[in-house]
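Here is the structure we will look at, set down as structure tokens.
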Amino acid sequence: MPIITLTSDWGTKDHYVAAVKGSITSQIPDAVIVDITHDIKPFDIISASYVIKNSYPHFPQGTIHLIGVNTEASLEHSHIAVFHDGHYFIGTDNGIFSLVFNEIPKEIIEIDIIQDTDLFTFPSKDVFVKVASQIIKTKSLEGLGNKKKGLFEKKLLEPVVLNGIIKGSVIYIDRYENIITNITSQIFKEFVKSRPFKIKFRSMAYVIKKISQSYGDVEPGEKLAVFGSAGYLEIAINQGKAASLLGLETNDSVNVIIEE
Amino acid sequence: MPIITLTSDWGTKDHYVAAVKGSITSQIPDAVIVDITHDIKPFDIISASYVIKNSYPHFPQGTIHLIGVNTEASLEHSHIAVFHDGHYFIGTDNGIFSLVFNEIPKEIIEIDIIQDTDLFTFPSKDVFVKVASQIIKTKSLEGLGNKKKGLFEKKLLEPVVLNGIIKGSVIYIDRYENIITNITSQIFKEFVKSRPFKIKFRSMAYVIKKISQSYGDVEPGEKLAVFGSAGYLEIAINQGKAASLLGLETNDSVNVIIEE
Amino acid sequence: MPIITLTSDWGTKDHYVAAVKGSITSQIPDAVIVDITHDIKPFDIISASYVIKNSYPHFPQGTIHLIGVNTEASLEHSHIAVFHDGHYFIGTDNGIFSLVFNEIPKEIIEIDIIQDTDLFTFPSKDVFVKVASQIIKTKSLEGLGNKKKGLFEKKLLEPVVLNGIIKGSVIYIDRYENIITNITSQIFKEFVKSRPFKIKFRSMAYVIKKISQSYGDVEPGEKLAVFGSAGYLEIAINQGKAASLLGLETNDSVNVIIEE
Chain A
157 MPIITLTSDW GTKDHYVAAV KGSITSQIPD AVIVDITHDI KPFDIISASY VIKNSYPHFP
217 QGTIHLIGVN TEASLEHSHI AVFHDGHYFI GTDNGIFSLV FNEIPKEIIE IDIIQDTDLF
277 TFPSKDVFVK VASQIIKTKS LEGLGNKKKG LFEKKLLEPV VLNGIIKGSV IYIDRYENII
337 TNITSQIFKE FVKSRPFKIK FRSMAYVIKK ISQSYGDVEP GEKLAVFGSA GYLEIAINQG
397 KAASLLGLET NDSVNVIIEE
Chain B
157 MPIITLTSDW GTKDHYVAAV KGSITSQIPD AVIVDITHDI KPFDIISASY VIKNSYPHFP
217 QGTIHLIGVN TEASLEHSHI AVFHDGHYFI GTDNGIFSLV FNEIPKEIIE IDIIQDTDLF
277 TFPSKDVFVK VASQIIKTKS LEGLGNKKKG LFEKKLLEPV VLNGIIKGSV IYIDRYENII
337 TNITSQIFKE FVKSRPFKIK FRSMAYVIKK ISQSYGDVEP GEKLAVFGSA GYLEIAINQG
397 KAASLLGLET NDSVNVIIEE
Chain C
157 MPIITLTSDW GTKDHYVAAV KGSITSQIPD AVIVDITHDI KPFDIISASY VIKNSYPHFP
217 QGTIHLIGVN TEASLEHSHI AVFHDGHYFI GTDNGIFSLV FNEIPKEIIE IDIIQDTDLF
277 TFPSKDVFVK VASQIIKTKS LEGLGNKKKG LFEKKLLEPV VLNGIIKGSV IYIDRYENII
337 TNITSQIFKE FVKSRPFKIK FRSMAYVIKK ISQSYGDVEP GEKLAVFGSA GYLEIAINQG
397 KAASLLGLET NDSVNVIIEE
């Protein structure tokens, strides 16, 4: 049975999710539909890309991921279908794809399907479901449109290594108010090796000097640093709300400093 | 596989949705359950009817729609099953059905199933799931109870055309804070034809003089009017929250005036 | 098709639910996944146990219930799998199981599965899904680990009968703000029999003297007492928000007094 995931900023109170699921059920009766989330903040392609990046690899190869965030097409932002890492992705080339993938996918198609409604359209329902249906039939991106070489580029701040410091920043805050930074365990290990270090944020006020293996390594209410299940350096408080308590927001800086 | 949709005001934090899904899974093991929404404001049958009206036509013929809003039966408001437009609907005749359908359905049955619990009942679980199971077996409303001629009537304000003005009102505000009015594209076209017009709301303060084809037709932050995917005149702000910014709420008036 | 339910405090905005559903879809392709709720307040095992207790019996025998609340294992709180009442449960022995079951289950296994990641783990995805997959294969708890005799005990206040009074308390407030107490219909009937009684809460301010059969037994806005579909004494206001209006919170006392 083909698996189709949905990621969107449609929320759950209106008919938008249902209209898309109804269309899928009508056009692809044996599809298994899985919601990634519909609670992306309206138009927030950065959060959406973080969630998709951390969700899609857990699904089986061949899964189709439908992305309904800021989907209105324009000359600059076309509707595209992408095959990458064994998965299909359908959405709008508004920068979100460049944030999800670490490299430019080899197969990118600019979707060329005529919409059969003269009302204002809802691309996820009127275009993307048809594209998904087509992909399931051909098991490829064939016949969907012309090849495209690149993606519309939106770049996140990457962590910078400078003068014995990794200068990173907060990219996401989750529902527990754990603070996720853009510092990967790979960058951290290559740079820090086995040297002593401190993690600093909010000027001098807070410092963490070790990496924990789990939240329970510190007492409830104490702050800690872990590499989360997605591989990013995460600042948390055991059973507490780190973002509020430490006063950290998206884009705030988090630095790793070597102590010598 | 039979498809059953759920629309309710149960929210998602309690066990109500799960109890109904568990009952469906127990009684109809091959059912595909699709949530329309469970985030209807408690007892708000007007919003619920708007969401159902815009959701159900996207599902395949034969889909069963279970409506769990204000379901307690009384002498005036009986539990009913309806077959209309190729779809089955199960709920309470509290006015919601009269709001979902533009005409009185030909097949309305007053449900006559005895509940086998002496605890306070939860009709969606204790009655409606059994009815759905029965409909799936007979592919009809047979044996569910007696025919009923009409529906309990609840009427929304319809737009009125008077002295060169369409006097409409706000019927729904979606999660993006787009403002949906009761003015359909049909009424608008018949009345306006190709004459110049202006859309007015909140006394004189705001005016829109054209219908856009998409949100992107205006700059981010600018207001616009479109016919949404459901066919209603919608006031929006490109990537902005129209309801808050324009100060419009449900039931506020929105007029279309011919300029001559 | 095996049914797997999910109950968690992960919320719906992040990738946590999707990561688990993706893992299930990859490892158990024919699984039917049903969300109980993901809106448990972080770490709130008491609410979680109330929701699970009232949800699981509606599912078919053999259903696997995955519990993702406060899952981090420690020496005191191990990962366990339980077979009870025809259902399988997988989670962390943090007290939640002792709250869900009225008696100690006969089959409790301490899970002994090595995790194959050196990143900080997400037990629901990395351990519980594997355990579910194993249970589906063997239709038992065989090979999962060693037997365990008891559960980590967390006790809720039980209602106390003293001097002609049932002294109960509020255990849960639902999305309608209905107030659920720990007084079961069984305790109530055994104690009250057919004698006149009054239900008192918030010192002397409010009194209810009868048990209603449905919310509609009183006028909208009036308070009432019912035995809810879960069998607990519930204080409600017909179409109103009882908890706010009556000023009752979780743990507040609710007494039933015999009038003689």
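Chains A, B and C supply the protein sequences, listed in that same order.
To convert, note that position 170 of the first sequence is 326 in the working numbering; the numbers rise steadily by one, no gaps.
To convert, note that position 246 of the second sequence is 402 in the working numbering; the numbers rise steadily by one, no gaps.
To convert, note that position 258 of the third sequence is 414 in the working numbering; the numbers rise steadily by one, no gaps.
C-beta atoms are modelled at their ideal positions from N, C-alpha and C, and glycine is treated no differently.
Taking the alpha-carbon of residue i as reference, which of the options has the nearest alpha-carbon?
i: residue 226(C); options: 236(C), 282(C), 201(C); result: 201(C)
i: residue 415(B); options: 175(B), 343(B), 199(B), 352(B); result: 352(B)
i: residue 220(B); options: 289(B), 169(B), 313(B); result: 289(B)
i: residue 397(A); options: 379(A), 241(A), 192(A); result: 379(A)
i: residue 236(C); options: 263(C), 213(C), 257(C), 242(C); result: 263(C)
i: residue 383(C); options: 399(C), 403(C), 357(C), 337(C); result: 337(C)
i: residue 482(A); options: 326(C), 393(C), 278(C); result: Residue 482(A) lies beyond the stretch modelled for chain A, which goes from 157 to 416, so this question has no answer here.
i: residue 173(A); options: 191(A), 250(A), 212(A); result: 191(A)
i: residue 361(A); options: 403(A), 394(A), 252(A), 297(A); result: 403(A)
i: residue 228(B); options: 370(C), 374(C), 167(C); result: 370(C)
i: residue 188(C); options: 161(C), 367(C), 372(C); result: 161(C)
i: residue 296(B); options: 238(B), 195(B), 334(B), 230(B); result: 238(B)
i: residue 179(B); options: 216(C), 184(C), 284(C); result: 216(C)
i: residue 328(B); options: 394(B), 241(B), 312(B), 284(B); result: 312(B)
i: residue 175(C); options: 224(C), 252(C), 244(C); result: 224(C)
i: residue 334(A); options: 241(A), 234(A), 389(A), 243(A); result: 389(A)
i: residue 300(A); options: 320(A), 309(A), 265(A); result: 265(A)
i: residue 165(B); options: 177(B), 185(B), 199(B); result: 199(B)
Compute the beta-carbon to beta-carbon distance between residue i and residue j, rounded to the nearest angstrom, for a pair I have assumed lies under 8 angstroms.
i: residue 363(B); j: residue 354(B); result: 5 angstroms
i: residue 391(C); j: residue 412(C); result: Incorrect: roughly 11 angstroms between the Cβ atoms, too far for contact.
i: residue 258(C); j: residue 326(C); result: Residue 258(C) to residue 326(C), Cβ: 20 angstroms. No contact.
i: residue 302(B); j: residue 268(B); result: 7 angstroms
i: residue 307(B); j: residue 260(B); result: 6 angstroms
i: residue 197(A); j: residue 203(A); result: 6 angstroms
i: residue 256(C); j: residue 205(C); result: 5 angstroms
i: residue 169(C); j: residue 195(A); result: 4 angstroms
How would you write the range of the alpha helix (DSSP H) that residue i sits in, first residue to last?
i: residue 205(B); result: 201-211
i: residue 178(A); result: 172-183
i: residue 164(B); result: From DSSP, residue 164(B) is part of no alpha helix (DSSP H) but of the beta strand (DSSP E) over 159-164.
i: residue 252(A); result: 252-256
Mapping the DSSP letters down to three states, classify residue i as helix, strand or coil.
i: residue 486(A); result: Outside the shown range of chain A (157 to 416) lies residue 486(A), about which nothing can therefore be said.
i: residue 294(C); result: helix
i: residue 346(B); result: helix
i: residue 214(A); result: helix
i: residue 371(C); result: helix
i: residue 385(C); result: coil
i: residue 191(B); result: strand
i: residue 229(B); result: coil
i: residue 379(B); result: strand
i: residue 279(C); result: helix
i: residue 169(B); result: coil
i: residue 284(A); result: helix
Kindly identify the DSSP beta-bridge partner or partners of residue i.
i: residue 411(B); result: 323(B), 356(B)
i: residue 237(B); result: 246(B), 265(B)
i: residue 328(A); result: 336(A)
i: residue 391(B); result: 335(B), 381(B)
Following the continuous beta strand (DSSP E) through residue i, name the residue where it begins and the one where it ends.
i: residue 107(B); result: A query on residue 107(B) cannot be resolved here, the shown segment of chain B reaching from 157 to 416 and no further.
i: residue 302(B); result: 301-303
i: residue 364(C); result: 362-364
i: residue 337(B); result: 335-340
i: residue 223(B); result: 220-224
Item to check | Contact residues within the region 190-222 of chain B, judged by C-beta distance below 7 angstroms to chain E | outcome: This model lacks chain E altogether; the protein chains it does include are A, B and C.
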